[in-house]
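Input: a single structure, listed below in structure tokens.
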Amino acid sequence: MAKEKTVGSASLLNELVQANRYKRTQGRIARQATLLAIWVLILIAAYQLYQQLAAYTAMVQYKLEYAIPGVLVAVGFWVAYRLINWPTFADFLIAVEAEMNKVTWPSKAELWRSVIVVIALIFILALLLFTFDLLWITVFKAIGLIPNDPSSGAG
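So for the sequence shown, our numbering puts the first residue at 294; every next one is plus one.
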């Protein structure tokens, strides 16, 4: 039995040459946040590439240190825009936003109480680990495993 092709299984390459938006009113927040995050990553990558290319005099002479990252940004922005409109990925982001809307989020007061508890436990754990560290250093010095004066150099 052959696998049937559904509406949401168009290839990404076919999607790159289209300009329409898939279910544009659904999952807008998740899709916009994802698109923005991908665009930020593309800008960071282009800036890193620019810094690397600026070290080569041939690139500087022909202004390629601007052109190559610029093309990367333009192509990357278009691919990212088309990616969030690819039916397979868009349906996933729509489902993510639907699940996020179902979650019961804590109140601001409950959130602050939880934050205070977590921070207090982190400090208590750090103090406990520091105490264990001092205890083991004392024990190891007492049995001679660690010299009492490490700057003496006697060995």
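Where is the CB? At the ideal position from N, CA and C, for every residue including glycine.
Does the ligand HEM have even one heavy atom less than 6 Å from the beta-carbon of residue i?
| i | result |
| --- | --- |
| threonine 381 | In the structure on display, the ligand HEM does not appear, and there are no ligands present to speak of. |
Look up residue i in the DSSP assignment and say whether it is helix, strand or coil.
| i | result |
| --- | --- |
| leucine 421 | helix |
| tryptophan 429 | helix |
| leucine 438 | coil |
| serine 304 | coil |
| tryptophan 405 | helix |
| threonine 318 | coil |
| glutamine 354 | helix |
| threonine 299 | Residue placement at threonine 299 is flagged as unreliable, the pLDDT there being 49, under the threshold of 50; the coordinate-derived value follows with that caveat. Note: threonine 299 maps to coil in three-state DSSP. |
| valine 411 | helix |
Span of the alpha helix (DSSP H) holding residue i?
| i | result |
| --- | --- |
| lysine 395 | 380-395 |
| isoleucine 322 | 321-346 |
| glycine 369 | 357-377 |
Out of curiosity, what's the CA-to-CA distance linking residue i and residue j?
| i | j | result |
| --- | --- | --- |
| leucine 305 | leucine 428 | 60 Å |
| glutamine 325 | valine 368 | 18 Å |
| proline 380 | phenylalanine 423 | 53 Å |
| leucine 420 | isoleucine 412 | 12 Å |
| alanine 391 | tryptophan 371 | 26 Å |
| valine 432 | aspartate 442 | 15 Å |
| alanine 388 | alanine 402 | 29 Å |
| glutamine 354 | isoleucine 322 | 43 Å |
| proline 399 | valine 408 | 12 Å |
For residue i, does the count of other Cβ atoms within 10 angstroms reach 16, so buried, or fall short, so exposed?
| i | result |
| --- | --- |
| tyrosine 340 | exposed |
| alanine 330 | exposed |
| proline 440 | exposed |
| leucine 386 | buried |
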